[in-house]
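Quick notes on the structure that follows.
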Amino acid sequence: MIKMQNVKKTYPNGVQALNGIDLQIDPGEFVYLVGQSGAGKSTFTKLIFREETATSGEIYVSGKDLTKMKRRDVPYLRREIGVVYQDFKLLPKMTIYENVAFALEVVEETPRNMRKRVMEVLDQVGLKNKARFIPDELSGGEQQRVAIARAIANYPKLLIADEPTGNLDPDTSWEIMKILEEINASGTTIIMATHSKEIVNTIKRRVIAIEDGLIVRDQHRGDYGYEA
Amino acid sequence: MKLRTLKRHFREGFKNSWRNSWMTIASIGAVTTTLILVATFLVLLLNINHIADSLENDVEIKVLVDLTATEEEREAIGEELESMSIIETVVFSSREQELENLKSSLGEDGDVFGIFDDQENPLDDAYIVKLTDPQQTVPVAEEIATIPKVSEVNYGEDFVQDLFNFNNYARNIGLVLIIALVFTAIFLISNTIKITIFARRKEIEIMKLVGATNWFIRWPFFVEGLLLGILGSVIPIAALVTGYYYLDQNIETVNQFDFITLLPFSPFVWQVSGLILLIGAVIGIWGSVMSVRKFLKV
């Protein structure tokens, strides 16, 4: 699914975010990305999503060579990748339905398929009955579920979640994790950057720890490994 | 692109202009002001050009043949003139004809020349020359003057030169002003729309995240710009049509000179209206699409 070889990233201001990353993530895996703030987690996810380009090294995402990818091909890569952020990134003036439909409008889906798919993914995250609400009328956990519904609407093979539970209380966090696990069980690869020791230590999955731009630990069914 | 998507872009474009109606009015105002000025300049320039053109085409060079020239020498001058590629027509006018022309041009007063018979005719044989490019009158006249047995070359030097100079200045200054105005309007519009985009920044960011192509994002702005441009050209076109109609109807009562004629109302006004609409659309689209550019780099 993802393959990186000696990937380095230096920002124009001189900050060295990644200093040589080698790794492979297979289809269907669930990977936690741990490490302190500023260790390079966000840069790592941005490279996969091609929000940033690597300074050197090779990156392959679902068979595509990202270092050689042209700007105009980037949108098609992103349609294969779902993203979920800590701050949800929902549009406040649109209803829940419209927020999710947005992702399908962009790929020029037919209205009939759009309606069907939007209700399907809303059902999957348990928010079918709140389709007509606007984001402000929902709790944080519900808003994050809408963001997940939007991220999976296009049947992505890969879902990147950047601290999806960062703004949520523990109970709500578990709900989100349950949904992510279901999505993973249906075959979608998930990469989740997190600071939550409880989640990583409870739901045991592959753990990749990044420090100072390098992978310092890559463990199957690993622990969080940091003092929270 | 599918038709449905195109409809969506139009709907979004209209919705956005409606939602930011004050910004829309401000942008339309900028386009309107610019186009009124552009239309005024166009009407002025094209008419000056028209007058200058008709005057230019009237410019002839009269080549006088020296009295001492033999018949062969006279014909040689004619051949020489014919061989010059810049010369369109050469008409020979004998001294007798010249005298007749002079007499008739003076009307009754011309009778005073009746005292000259053929022997005493003080005029010279002449060639009347028209050029393919009247702008070249001065250098060509100088060249003709060097032909042997040419006694004089007349073309109303000062007047012709002044006319050409004025016409060229007016053309260049007008063009520079129009271009400057158009770019000012584009700048104004792109800045106005940029303010509205600021509010839509999040929307654009999310569109990029879910894999929208740049053109998918740009289209509604394209539509919005087109709308601004077209709405902005309504008042200038109305003003142009009524203004020019009024001018066209009343010019004869004040016009003292036959050679000053305005371009006829139709099709001139419709051509300029079309051009104004086109410039308006370009200003609107350019300004609008330019303002999204910065936000597409994610």
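Protein chains in written order, with my numbering: chain V, -17 to 210; chain X, 2 to 299. Yeah, the Cβ is synthetic: ideal placement off N, Cα and C, and Gly gets one too.
Report the partner residues of residue i according to the DSSP bridge assignment.
i, result
"X:V91", "X:V130"
"X:R12", "Its beta-bridge partners do not exist; DSSP assigns none."
"V:T171", "V:L140"
"V:F12", "V:I172"
"V:Y42", "V:K(-15) and V:D47"
"X:A40", "According to DSSP, which records beta bridges pairwise, X:A40 is partnered with nothing at all."
"X:N155", "X:K63"
"V:L5", "V:M(-14)"
"V:Q18", "V:Q18 pairs with nothing; no bridge assigned."
"V:Q(-2)", "V:T(-8)"
Which whole-angstrom value describes the C-beta separation of residue i and residue j, a residue pair presumed to lie in contact below a C-beta threshold of 8 Å?
i, j, result
"V:L140", "V:T171", "5 Å"
"X:T35", "X:L276", "Not really, about 13 Å apart at Cβ, beyond 8 Å."
"X:L228", "X:S18", "6 Å"
"V:S155", "V:S121", "Actually they are not in contact, since the Cβ atoms of V:S155 and V:S121 sit about 13 Å apart, beyond 8 Å."
"V:I30", "V:I142", "6 Å"
"V:K(-10)", "V:G39", "6 Å"
"V:A(-1)", "V:G22", "5 Å"
"V:I181", "V:I161", "Incorrect: roughly 13 Å between the Cβ atoms, too far for contact."
"X:I194", "X:S292", "4 Å"
"V:M(-14)", "V:P9", "The Cβ separation is near 16 Å, so there is no contact."
"V:N149", "V:P117", "Incorrect: roughly 13 Å between the Cβ atoms, too far for contact."
"X:I236", "X:L278", "Contact flag wrong, Cβ pair sits at about 12 Å."
"V:A191", "V:R199", "4 Å"
"X:L46", "X:A171", "6 Å"
"X:A127", "X:E101", "Actually they do not touch by this definition, with Cβ atoms about 12 Å apart."
"V:R127", "V:E11", "Not quite, the Cβ-Cβ distance comes to about 23 Å (not below 8 Å), so this is no contact."
"V:R61", "V:V89", "6 Å"
Could you give the first and the last residue of the continuous beta strand (DSSP E) run that contains residue i?
i, result
"V:E201", "Note on identity: in this sequence residue 201 of chain V is Gln, with Glu being the wrong assignment. Element bounds for V:Q201: L196 to Q201."
"V:S67", "It is worth fixing the name first, because residue 67 of chain V is Tyr in this sequence and not Ser. Note, V:Y67: beta strand (DSSP E), I63 to Y67."
"V:M(-14)", "I(-16) to T(-8)"
"X:I218", "It is not in any beta strand (DSSP E) - X:I218 instead sits in the alpha helix (DSSP H) that spans N215 to G233."
"X:A77", "Per DSSP, X:A77 belongs to no beta strand (DSSP E); it is in the alpha helix (DSSP H), E72 to S84."
"V:I190", "R188 to E193"
Which residues mark the beginning and the end of the alpha helix (DSSP H) in which residue i is found?
i, result
"V:S24", "K23 to I30"
"X:V290", "F266 to V293"
"V:R53", "Per DSSP, V:R53 belongs to no alpha helix (DSSP H) and is neither H nor E."
"V:V100", "P93 to Q106"
"V:I116", "From DSSP, V:I116 is part of no alpha helix (DSSP H); its letter is neither H nor E."
"V:I130", "G122 to I134"
"X:P149", "Note, X:P149: premise wrong, no alpha helix (DSSP H); not H, not E."
"V:L86", "I78 to E87"
"X:L107", "Note, X:L107: premise wrong, no alpha helix (DSSP H); not H, not E."
ask   = Is the stretch 205 to 217 of chain X in contact with the stretch 85 to 105 of chain V, if contact means three or more CB pairs nearer than 8 Å?
value = yes
key: Interface residues of the stretch 35 to 63 of chain X facing chain V [CB-CB below 7 Å]   = none
key: Residues of the stretch 197 to 213 of chain X whose Cβ lies closer than 8 Å to any Cβ of chain V, in chain order   = K203, E204, E206, I207, M208, K209, L210, V211, G212 and A213
task = Inspect the CB distances between the stretch 131 to 146 of chain V and the stretch 92 to 108 of chain V and report whether three or more fall short of 8 Å.
result = yes
query = Per the contact definition of three or more C-beta pairs closer than 8 Å, is the stretch 195 to 210 of chain X in contact with the stretch 69 to 76 of chain X?
reply = no
Chain-ordered residues of the stretch 62 to 83 of chain V with a beta carbon less than 7 Å from chain X = V65, K71 and L73
ask   = Is there contact between the stretch 157 to 177 of chain X and the stretch 41 to 48 of chain V, where contact requires at least three CB pairs shorter than 8 Å?
value = no
key: Three-pair Cβ contact test at 8 Å for the stretch 113 to 132 of chain V versus the stretch 151 to 167 of chain V   = yes
task = Scan the stretch 123 to 134 of chain X for residues whose Cβ lies nearer than 7 Å to a Cβ of chain V and list them as they occur along the chain.
result = none
request  = Specify whether the stretch 106 to 115 of chain V and the stretch 55 to 73 of chain V touch according to this definition: at least 3 beta carbon pairs, one from each stretch, less than 8 Å apart.
outcome  = no
query = Between the stretch 79 to 96 of chain X and the stretch 139 to 156 of chain X, do three or more beta carbon pairs fall short of 8 Å?
reply = yes
task = Select from the stretch 8 to 24 of chain X all residues with a C-beta closer than 9 Å to any C-beta belonging to chain V, and list them in chain order.
result = R9
inquiry  = Can you pull out the residues from the stretch 86 to 105 of chain V whose beta carbon lies closer than 9 Å to at least one beta carbon of chain X?
reply    = L86, E87, V88, V89, E90, T92 and P93
ask   = Counting Cβ pairs closer than 8 Å, one from the stretch 183 to 191 of chain X and one from the stretch 277 to 286 of chain X, do we hit at least three?
value = yes
Near-chain V residues of the stretch 223 to 245 of chain X - C-beta to any C-beta below 8 Å = none
ask   = With a cut-off of 8 Å, do at least 3 Cβ pairs link the stretch 262 to 272 of chain X to the stretch 61 to 70 of chain X?
value = no
request  = Please name the residues in the stretch 36 to 63 of chain V whose beta-carbon is closer than 9 Å to at least one beta-carbon of chain X, in chain order.
outcome  = R53, R54, V56, P57, Y58, L59, R60, R61, E62 and I63
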